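Quick note on numbering: the working numbering labels position 29 of the sequence shown as 29, and the sequence is numbered without any gaps.
Beta carbons are placed, not taken as given, at the ideal position from N, Cα and C, and that holds for glycine.
Being a predicted model, the structure only gives us computed values, none of them experimental.
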Amino acid sequence: MPLAAGDLTVGVYYAEGDTSTLHSAWGRGWAETSYVGLSARYAYPLSKRTSLYAGAGYAEEKIDLKNDAGTNRNTNTVGQAYAGITHTF
1 MPLAAGDLTV GVYYAEGDTS TLHSAWGRGW AETSYVGLSA RYAYPLSKRT SLYAGAGYAE
61 EKIDLKNDAG TNRNTNTVGQ AYAGITHTF
């Protein structure tokens, strides 16, 4: 999407899933997972073939492991930021 003199790109991601049977050292069980991600990137052209870009992203993953011993929830998060320059030949 055009913004000012550059181009803005935004993304939102979502996924979920589960396993019906999971065999591990702790016995038989199952897992439920979900993932949410957000990202944004802005590119600013310096010339016809050169541009600057910068972006950031965030993601969160949740995993519920369920078995005979009970339920264990793990939550993992990650964030990133980046910037650079591109030139095409």
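I'd like the list of long-range same chain contacts for Ala-54, defined as Cβ closer than 6 angstroms, with 5 residues on each side in sequence excluded. Against the sequence shown, residue 54 aligns to sequence position 54. Here the set comprises Tyr-42 and Ala-83.
Please determine, among Gly-11, Val-12, Thr-9 and Trp-30, the residue with the shortest C-alpha to C-alpha distance to Thr-19. Translated into positions along the sequence shown, residue 19 becomes position 19. When each option's Cα is compared against that of Thr-19, the closest is Trp-30.
Around the C-beta of Leu-46, are 16 or more other C-beta atoms found within 10 angstroms, so that it is buried, or is it exposed? The count along the sequence shown starts at 1 and reaches residue 46 at position 46. By the 16-neighbour rule on beta-carbons within 10 angstroms, Leu-46 is exposed.
Indicate the three-state DSSP secondary structure (helix, strand or coil) for Arg-49 in the structure shown. By one-based count along the sequence shown, residue 49 stands at place 49. Secondary structure of Arg-49 (DSSP, three-state): coil.
What are the partner residues of Asn-86, as DSSP defines its beta bridges? Position 86 of the sequence shown, counted from the start, is the residue given in the question as residue 86. The sequence given here places Thr at residue 86; Asn does not occur at that position. According to DSSP, which records beta bridges pairwise, Thr-86 is partnered with Ser-51.
If you draw a straight line from the alpha carbon of Gly-57 to that of Gly-11, how long is it in whole angstroms? Against the sequence shown, residue 57 aligns to sequence position 57. Against the sequence shown, residue 11 aligns to sequence position 11. Cα to Cα, Gly-57 sits roughly 9 angstroms from Gly-11.
Determine, using beta carbons only, whether Arg-28 and Asn-67 come nearer to each other than 8 angstroms. For the purposes of this step, residue 28 is taken as residue 28 along the sequence shown, with counting starting at 1. For the purposes of this step, residue 67 is taken as residue 67 along the sequence shown, with counting starting at 1. It is a contact, given that the beta carbons lie within the stated cut-off.
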